[in-house]
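In what follows, a single structure is set out as structure tokens and then discussed.
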Amino acid sequence: MSKYFEMMTEISQETDAIIKHYTDHLNEEVKQLPMKRYGHPRLRDLQIRTGYEINGGKNWKELTPVCASFEILNCSTYVINWFLDEKHGYETSESKRNLVIAGFQLREIAQQILEDYGMTALIPLLSKINHQIYLGQRMDIQELKVSRIGEYPEYNEFLDAYQKRCRLLSGVFYGSCFLAGSIVAGEPDNLLYEMGAIYGSATQAANDFGDFALPVQRLSKLEKPYQDQFSDFINGKLTLAVYLMTQRSNDQECNRLEELRYKGIEENEYREILCLLVNKGVYADCLAYLKQEHKRCKKMLYTKEKTVHRDMIASILVRITSNKFLSQLRKNLELFQVDHGATLTTSV
């Protein structure tokens, strides 16, 4: 695993110089997120590199403009999601307008980098990522809501819609990272793209499930917009865990869940939710789903010849079932000593 972080750190450090050059002139609000992630190893950089090297690329430093472009695009989608999800910290009309403007500016810079480095062949890929994320955001806001759960009486119907949403929000971007690297290597790798799309979709599902984890520490504004504590649950988003929890609850339990959405969640309420996740089999089934998607990715990857590059990609795939939010959720279950058989309580 040390080689994993070594390679990721190596390419991210090389990429940082380009990011700094293209964001130095921006006002503080626009460059806030790119600079917060500056100096840290980034997974997308490693994906682009492994997609390149597994397909014969020999000089990974030529990828740094691609990594910089994709990182700036990633920051653009973050700030737009922050606005659409109505996260705290940007309550005034002016601050919200500035947030949207920042998202558009960053998107333009992402394309400008590719143009300046003569990599215009990748611009359609950039546009596809952007478009697919917008479609995913629309599904997230308008379609997959607890208030519309009646439209998905069968689990498979819901799962199809949920997987589509996850693919649009994250899968296409993750798959495109591998693909971009392979394109620069001169060997566009569609199998790696599809595997990456499944991986990204599963990672989105894992992050959704991690919405129920207590944060290890307070997250600063814009650091990780998707993990605003319990935001998916409170905002009535229909994620896999929320769907299963709601469908398997009786009327009394469903009413209590609705109360908790509006009441706010403190220690006792959090214990109630954890009990429901465990005792309705939601926790186990969500983990089983993630493990299943991990196996799908590995099966596709292992059709390729065994090399150090394939092994590196296999290390990336492990994140589906072992990201920091899932690890924290496991710790929360132990900390709160959730027992089988406990139930939700009704309010007085």
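Each number in our numbering corresponds to the 1-based position in the sequence shown with 29 added.
Where a beta carbon is used, it is the ideal one built from N, C-alpha and C, also for glycine.
Query                                                                                                                                                   : Result
Lysine 49: which of Ala139, Leu75, Arg325, Gly80 sits nearest, CA to CA?                                                                                : Ala139
Look up lysine 174 in the DSSP assignment and give the residues it is bridged to.                                                                       : Lys266
Out of Ser98, Arg196, Ile83, point me to the one whose CA is closest to glycine 215's CA.                                                               : Ile83
In whole angstroms, give me the CA-to-CA distance for lysine 327 and lysine 32.                                                                         : 20 Å
Closest to isoleucine 349 by C-alpha separation, out of Met341, Glu363, Gln321, would be which residue?                                                 : Gln321
Rounded to whole angstroms, how far is the Cβ of tyrosine 318 from the Cβ of leucine 358, which I believe are closer than 8 Å?                          : Not quite, the Cβ-Cβ distance comes to about 14 Å (not below 8 Å), so this is no contact.
Measure the beta-carbon distance from threonine 52 to lysine 65 and round it to whole angstroms, keeping in mind my assumption that it falls under 8 Å. : With 8 Å as the limit, threonine 52 and lysine 65 do not qualify as a contact, their Cβ atoms being about 11 Å apart.
Considering only their Cβ atoms, is the gap separating arginine 339 from glycine 210 smaller than 8 Å?                                                  : no
Please state whether DSSP places lysine 353 in a helix, a strand or coil.                                                                               : helix
Look at the alpha carbon of valine 213 and the alpha carbon of isoleucine 109, and state the distance between them as a whole number of angstroms.      : 29 Å
For a test of the three-state rule: what should DSSP assign to arginine 285, helix, strand or coil?                                                     : helix
When the Cα of leucine 173 is compared with those of Ala150, Leu188, Glu298, which residue comes out closest?                                           : Leu188
Excluding five sequence neighbours on each side, which residues of the same chain lie with their C-beta closer than 8 Å to the C-beta of leucine 208?   : Gly80, Leu154, Pro217, Asp218, Asn219, Leu221, Tyr222, Gly225
Quick one: what does DSSP say threonine 106 is sitting in, helix, strand or coil?                                                                       : helix
For glutamate 137, which of helix, strand or coil comes out of DSSP?                                                                                    : helix
Just reading off the alpha helix (DSSP H) that glutamine 76 is part of, what are its end residues?                                                      : 72 to 82
Work out the CA separation of arginine 300 and leucine 364 for me, nearest whole Å.                                                                     : 10 Å
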